[in-house]
């Protein structure tokens with residue numbers, strides 16, 4: 001981020017369990033804009049239509065820096081975390097899939113918000129069973145600021161509060177159940193995508209008006225300093241307005257809902273590379289920020 005840009009974050013001071021809303025700019029947490037006092041970021045998003053016009057005219061200042069502030073999970077907790085699968089051209093190519101002649105709606109799966117959503121610096125726990133094949137997926141997350149159902153793509157961006165970085169952590173060995181009752185019932189999306197700590201978000205919510213073109217952002221992920229993913233949101237197959245519209249045809253979108261928009265090439269599974277305890281994961285999305293997490297043993 002440039003110093004003129006900022007994101008809305010949640011933070012704690014020292015060992016306090018209470019979170020407050022602040023702004024994150026140039027690596028520093030400062031007091032949040034007017035109207036955020038005593039609220040969580042989910043509560044701010046519930047009032048987004050009235051508060052956002054004030055936020056547009058607000059500029060954080062270094063003199064309002066919060067001493068002892070530690071970043072907390074940015075949202076505690078969204079009602080829904082919807083994830084669009086297989087939505088980057090370069091990712092489907094690395095998986096050996098043919099380029100479809102015609103695009104339909106993306107498919108979605110859900111992550112349980114209160115147990116998967118974590119934040120900057122939080123651990124990514126490996127599953128308790130031995131030999132787990134845990135993979136990374138850097139993604140641009142869209143956060144809803146205005147609810148709606150059956151939205152047209154032309155309306156969809158008016159419902160966006162902002163953007164975050166996300167890691168759609170995935171247990172590749174659990175895509176299918178080892179002992180399904182029958183073959184058609186073998187897929188296990190909860191074990192694959194919904195284990196504890198499998199959705200780091202952050203570092204904060206970058207308001208939508210700061211991002212003039214969310215379809216032209218560089219997105220990178222490294223493990224232990226080695227670059228694994230390096231692509232652009234331009235590689236999305238179904239673009240953000242259509243992703244939001246498709247999601248709204250399935251379920252009513254509510255303020256604070258999070259939509260993960262897919263991951264680019266560079267996941268570990270095509271190369272049989274998986275995460276181990278002690279690995280440091282860093283996601284960087286242009287103008288969105290840097291999200292760092294460490295993998296830990298169960």
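Residue numbers (UniProt numbering): 1 to 298.
No residue lacks a Cβ here, since even glycine has one placed at the ideal position from N, Cα and C.
In this structure, the beta-carbon distance from residue 291 to residue 200 falls below 8 Å. Secondary-structure assignment with DSSP links residue 139 through a beta bridge to 166. Per DSSP, the beta-bridge partners of residue 290 are 284. The beta-bridge partner set that DSSP reports for residue 70 consists of 12. Rounded to the nearest angstrom, the gap between the Cα atoms of residue 129 and residue 274 is 15 Å.
When the alpha-carbon of residue 94 is set against those of 287, 45, 282, 235, the nearest one is in 235.
About 7 Å separates the beta carbons of residue 108 and residue 250, which is inside the 8 Å limit, making them a contact pair. Nearest to residue 224 by C-alpha distance, out of 29, 149, 293, is 293. For secondary structure counted as the alpha helix (DSSP H) over 4 or more consecutive residues, the segment 183–246 holds these complete runs in sequence order: 189–193. With fewer than 16 other Cβ atoms from the protein chains shown falling within 10 Å of its own Cβ, residue 54 counts as exposed. Check the Cα spacing between residue 252 and each of 79, 5, 13: the tightest is with 79. Spatial neighbours of residue 149 in its own chain (CB-CB distance under 6 Å, excluding positions within 5 residues in sequence) are listed in chain order as 248, 252. Boundaries of the alpha helix (DSSP H) harbouring residue 115: 113–116, taken from the DSSP string.
As the crow flies, the alpha-carbon of residue 59 is around 31 Å from that of residue 231. CA-CA distance, residue 243 to residue 233, rounds to 13 Å.
About 6 Å separates the CB atoms of residue 19 and residue 40; that is less than 8 Å, so the two are in contact.
Cα atoms of residue 177 and residue 135: separation of roughly 18 Å, rounded to the nearest angstrom. In the three-state reduction of the DSSP assignment, residue 104 falls in the coil class.
For residue 153, the CB contacts under 7 Å within the same chain, skipping 5 residues up- and downstream, are 241, 242, 245 in chain order. With a 10 Å radius around the Cβ and a threshold of 16 neighbouring Cβ atoms, residue 174 comes out buried.
Straight across, the Cα-Cα distance linking residue 265 with residue 183 is about 29 Å. Look at the beta carbons and you see the segment 68–82 touching the segment 197–213: at least three pairs across the two are nearer than 8 Å. In this structure, 120 is the residue among 260, 207, 120 with its C-alpha nearest to the C-alpha of residue 295.
A straight line joining the alpha-carbon of residue 9 with that of residue 160 spans about 17 Å. Going by C-alpha positions, residue 280 is about 22 Å away from residue 260. A direct Cα-to-Cα measurement between residue 216 and residue 285 gives close to 10 Å. Residue range 41–46 is occupied by the alpha helix (DSSP H) that includes residue 46. By the CB criterion at 8 Å, residue 112 and residue 194 fall inside the cutoff. If you look at residue 123, you'll find it in the beta strand (DSSP E) that goes 123–125.
Distances from the CA of residue 188 to each of 283, 118, 171 were compared; the closest alpha carbon is that of 171.
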